[in-house]
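Plus 1 on top of the position in the sequence shown (first one is 1) and you've got my numbering. One structure is given here, and the rest of the page talks about it.
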Amino acid sequence: DWRLMLGFGRGWGITAADGHLAASTIALPYGADFAWIAMVLVLPEHRRRGYASHLLRVALAEMAAQQRVALLDATPAGHDVYVQEGFRDFWGFKRFALRSGIFFSGAREIRQLDSKDWAAVLTLDAIGFGGSREMVLRNLAARQPGLALVMERGGDIAGFVLGREGREALQVGPLVARDESAAQELFAAAVARAGAPV
Numbered sequence: 002d003w004r005l006m007l008g009f010g011r012g013w014g015i016t017a018a019d020g021h022l023a024a025s026t027i028a029l030p031y032g033a034d035f036a037w038i039a040m041v042l043v044l045p046e047h048r049r050r051g052y053a054s055h056l057l058r059v060a061l062a063e064m065a066a067q068q069r070v071a072l073l074d075a076t077p078a079g080h081d082v083y084v085q086e087g088f089r090d091f092w093g094f095k096r097f098a099l100r101s102g103i104f105f106s107g108a109r110e111i112r113q114l115d116s117k118d119w120a121a122v123l124t125l126d127a128i129g130f131g132g133s134r135e136m137v138l139r140n141l142a143a144r145q146p147g148l149a150l151v152m153e154r155g156g157d158i159a160g161f162v163l164g165r166e167g168r169e170a171l172q173v174g175p176l177v178a179r180d181e182s183a184a185q186e187l188f189a190a191a192v193a194r195a196g197a198p199v
């Protein structure tokens, strides 16, 4: 993940006196309009020294100079830091875990993503996500090709799903679909292929 993000983003860090990285942040541009702030991390023994706030301000200044809107996902631990810097709650998310497998018979329209699908996948993703994240999507598809699935209806791509290896389990997503039923079928197919835990 770090190699991918540093390949198209910009990162900053604070080095401790012993030479080890104590804190980090990274800004990931998605087209000309916005960037995602991520990996605002501080080692436990270096917390409460203002490192996260400082690195966040550096990243925000860079994004302002580039005239990009800055977005981020806030964990409960970082939420107060972000609110102090002017971020506001816009939407929420939840994490779910599946510890045992599920049965999925498989929809005929779902198949593995193929090189010919990329133009349609990227067009659909730009609509759903609001910017270009081609590098991220291609990286995920290469890392977990068994979870890179598309749904094709009437010759058109109705949706796609990707996955990635996580610290504790395979993770399913992103998933982008034209309608709820396509999303549900793609999700079930990906979870069945991933196997538990997911």
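For each residue, glycine too, the CB sits at the ideal point set by N, CA and C.
Item: May I ask you to report which of helix, strand or coil DSSP gives Gln-145?; Value: coil
Item: Compare the beta carbon distance of Arg-96 and Leu-148 with 8 Å and say whether it is the shorter of the two.; Value: no
Item: Classify Pro-30 as helix, strand or coil using the three-state DSSP reduction.; Value: strand
Item: For the candidate residues Arg-49, Asp-19, Gly-196, Phe-130, whose alpha-carbon lies nearest to that of Asp-34?; Value: Phe-130
Item: Counting along the chain, where does the beta strand (DSSP E) carrying Arg-11 start and finish?; Value: 11-16
Item: Are the stretch 157-165 and the stretch 85-92 in contact at 8 Å, needing three or more beta carbon pairs?; Value: no
Item: Out of Ala-184, Val-199, Asn-140, which has the shortest C-alpha to C-alpha gap to Arg-168?; Value: Val-199
Item: Go to Ala-75, then tell me how far its beta strand (DSSP E) extends in each direction, as first and last residue.; Value: Here Ala-75 belongs to no beta strand (DSSP E), and DSSP marks it neither H nor E.
Item: Classify Val-192: buried if its beta carbon has 16 or more other beta carbons within 10 angstroms, exposed otherwise.; Value: buried
Item: Decide if the stretch 59-74 is in contact with the stretch 29-43; the criterion is three or more beta carbon pairs, one per stretch, under 8 Å apart.; Value: yes
Item: For Asp-115, which residues of its own chain have a beta-carbon under 6 Å away from its beta-carbon, when the five flanking residues on both sides are left out?; Value: none
Item: Within 10 Å of its beta-carbon, does Ile-128 have 16 or more other beta-carbons around it, so buried, or fewer, so exposed?; Value: exposed
Item: Counting along the chain, where does the alpha helix (DSSP H) carrying Val-192 start and finish?; Value: 181-195
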